[in-house]
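Residue numbers (this note's numbering): 152 to 907. Note that the Cβ used here is the ideal one computed from N, Cα and C, for glycine as well.
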């Protein structure tokens, strides 16, 4: 619209539009008022002085013919310009081939004359026009929509804020076919509102020219920047401010630039540069004049505010952190890093993507990686319970055009605002919001990527306020509940099922019941068409909306497929040798295996010589089926990836007590023979064995150690006293029985009638 107003050229429908084969030479006008024609460029310089502000603004324009074929560029011009273009295209449709080649004259059609069917209505008279083939109409219209245009590069300097340009990379590119210069700071009228714990309900406007009031250089400072068509009076920014002041004693500055963030969108994107410069000047002033540290500043921006934060960071050496909340995509995706937020803008840049799309008609955000760590909750687009609205930009224009603000919020920016809601919820630390590394969201959602955080192959980090600069980097994925209703948190679990070797394969459905310390839930492992093969390992991701606490037990139920054709081919039962549940958010692992009886005469599978081995031995009138031994086994497997062997000698530990004490020597010898067999024939190391015994089982452990050279460790849990106290070390547990012996005493007595 601006270019058309400057040209002030009357519309001539008979004149051909500029296209790739017709180029008009630019015209130069010098200071003497003369006009010269050149072959390449046109340069215009205008200098204006404002008496009110005593500042000088210099604008330089350079016109370079650039051929571009971008329909969005045409649509981005004003309604008036679009009408002229479409009317001219429709006019071309009415010409005969001879008229289009200039062989026959064509009666001019006034601009705005209604075209009805194959006729034009002019001065109340309907005039028929020649008909042409539909395919030719489409080709001509397409040719005129994809018209070659001249891109005008302009420069403007605004005093201390420096100079700005619409030239490359800020304009004249495929991503930015049209660009405008930012407004002067006085037009945008950016406001800085300060809140502290002492003034959390009363904002104080501060600037470089006012007293800073309650602001303190000794406290961290959070700077929040809203985005397009937003302001700092909306509830989500007030909630964020309140949450930050609840958890930390910080300065919170809300930056309001709502006089410069409206339509047209191109102007709002241009104004982000000026607002970023203003923020940078203010922060640098606080550093230089009030002793602040750049590392203590954390800029949080949403939408265009995230890109504004990038412009600010580019002007602040050593800025601590920038958090981009669903940075704006249109006019920024795939642009030069100078134009958009990127990792060089602060010491640490973290980004949350919630409405990303590679097509500006489908999303307001961006999918492109922009930070040191980028989080993609629910894939980074179309958040749960938000309308999956095709044509979001068009819908946005239609809603705001009719001032339907509520419809705009519901249909257009639900996913876009989700990043703000997630970030605010993370501040209070009630949900971990852990993101996990994966190649893409589909692989993450299907359980192909591990939730184990090892800091190397598998990266993890917390999304939101508490994101760690030393945590996982790159692209991290997670899931949440509804994006527009609290609570948002989901608990991330991963289950791994290892099949046995009893059958070749089967197909069916596995139902898994997770028994936790808080809740019990039942989930289905895919549908009944899942194929399980001998020795296969299957991983699945299980998002739970409830917290089940610590997983105490796992129940598996297998049901063969109901498919009539294939059901007869598969077994009715299936053996799983191992089931592992990993709580990714807490990194707690619950591993359950079907117990397998092993000996020197049987296969030791799945025992592994490369893992430590824990051997548990019960005591008098006990067995390995009691809950305390099950709990110990589960706890050992939760904490470490180890072999656990439970030794059951319940047929030899009953009354009379004297017989049970005698049998401890035989049991000890049997255990020692098994351990020595594993060492000699399977490459195990004696130091990797840890024997844990209770009551009489403690002394059994001592007999084991006396027969295994350099046994790693023995733990005696309240070793039996009767028949053992004050005996020779050869009879009882002794420090020489292992490299390390530790004992816990809980029922000791010197009289066998008073303690066991």
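| task | Go ahead and pull the three-state DSSP assignment for residue 321. | result | coil
| query | Leaving out the 5 sequence neighbours to the left and right, which residues in its chain are closer than 6 Å to residue 823 when beta-carbon positions are compared? | reply | 855, 858, 859
| query | Could you check where the alpha helix (DSSP H) with residue 711 kicks off and where it finishes? | reply | No alpha helix (DSSP H) contains residue 711, which is instead part of the beta strand (DSSP E) from 702-711.
| said: Alpha carbons only, please: which of 643, 624, 621 is nearest the one belonging to residue 631? | reply: 643
| field | DSSP-derived helix/strand/coil call for residue 277 | value | In this prediction, residue 277 scores a pLDDT of 46, lower than 50, which makes its location untrustworthy; the coordinate-derived value is nonetheless stated afterwards. Reduced to three states, the DSSP call for residue 277 is strand.
| query | Alpha carbon to alpha carbon, how far is residue 687 from residue 651? | reply | 8 Å
| field | Counted within 10 angstroms of its Cβ, other Cβ atoms place residue 489 as buried (16 or more) or exposed | value | exposed
| field | Extent of the continuous beta strand (DSSP E) run through residue 344 | value | 342-346
| Looking at the structure shown, is residue 645 part of a helix, part of a strand, or coil, going by DSSP? | strand
| task | Note down, in chain order, each residue of its chain lying with its Cβ closer than 7 Å to the Cβ of residue 752, except the 5 sequence neighbours on either side. | result | none
| query | Do you know how far the Cα of residue 453 is from the Cα of residue 401? | reply | 20 Å
| field | Opening and closing residue of the alpha helix (DSSP H) in which residue 565 lies | value | 565-578
| Span separating the alpha-carbon of residue 816 from that of residue 704 | 34 Å
| Ordered along the chain, which non-local residues of its own chain (more than five positions away) have a Cβ less than 8 Å from that of residue 422? | 333, 334, 339, 408, 411, 412
| request: Could you check which residue in 494, 883, 806, 834 has the C-alpha nearest to that of residue 103? | output: As displayed, the chain neither begins before 152 nor continues past 907, which places residue 103 out of reach and without an answer.
| query | Would you say residue 759 and residue 799 are within 8 Å of each other, going by their C-beta atoms? | reply | no
| When burial is assigned at 16 or more other CB atoms within 10 Å of the CB, is residue 780 buried or exposed? | buried
| task | Put residue 833 into one of helix, strand or coil per three-state DSSP. | result | helix
| Beta-carbon gap between residue 768 and residue 700 smaller than 8 Å | no
| What first and last residue would you give for the beta strand (DSSP E) that runs through residue 591? | Neither: residue 591 is in no beta strand (DSSP E) and is coded neither H nor E.
| I think residue 326 touches residue 462, with their Cβ atoms under 8 Å apart; what is that distance to the nearest whole Å? | At roughly 17 Å, the Cβ-Cβ gap does not stay under 8 Å, so residue 326 and residue 462 are not in contact.
| task | Just confirm the distance between the C-beta atoms of residue 485 and residue 519, as a whole number of angstroms; I'd bet it's less than 8 Å. | result | 7 Å
| query | With distances taken from CA atoms, which of 583, 606, 618 is nearest residue 451? | reply | 618
| task | With distances taken Cα to Cα, identify the nearest neighbour of residue 403 among 468, 376, 788. | result | 376
| Spatial neighbours of residue 494 in its chain, beta-carbon cut-off 8 Å, leaving aside the 5 residues before and after | 500, 521, 522, 523
| task | Within 10 angstroms of the Cβ of residue 784, are there 16 or more other Cβ atoms? Answer buried if so, exposed if not. | result | buried
| request: Please confirm whether residue 893 and residue 852 have their CB atoms less than 8 Å apart. | output: no
| query | Okay, do the segment 562-577 and the segment 599-619 touch, 3+ Cβ pairs below 8 Å being the bar? | reply | yes
| task | Name the residue from 368, 707, 514 whose alpha carbon lies nearest to the alpha carbon of residue 672. | result | 707
| request: Report the three-state DSSP secondary structure of residue 660 (helix, strand or coil). | output: strand
| message | Let's see if you can read the secondary structure: which residues bound the beta strand (DSSP E) around residue 462? | response | Per DSSP, residue 462 belongs to no beta strand (DSSP E); it is in the alpha helix (DSSP H), 455-464.
| From what residue to what residue does the beta strand (DSSP E) around residue 841 run? | 840-845
| request: Between the Cα of residue 503 and those of 584, 425, 465, spot the shortest distance and give me the residue it belongs to. | output: 584
| query | To which residues of the same chain is residue 364 closer than 7 Å at the C-beta, ignoring the five residues directly before and after it? | reply | 345, 355, 357
| task | Please say whether residue 406 and residue 343 have beta carbons closer to each other than 8 Å? | result | yes
| Does the distance from the CB of residue 890 to the CB of residue 863 come in under 8 Å? | yes
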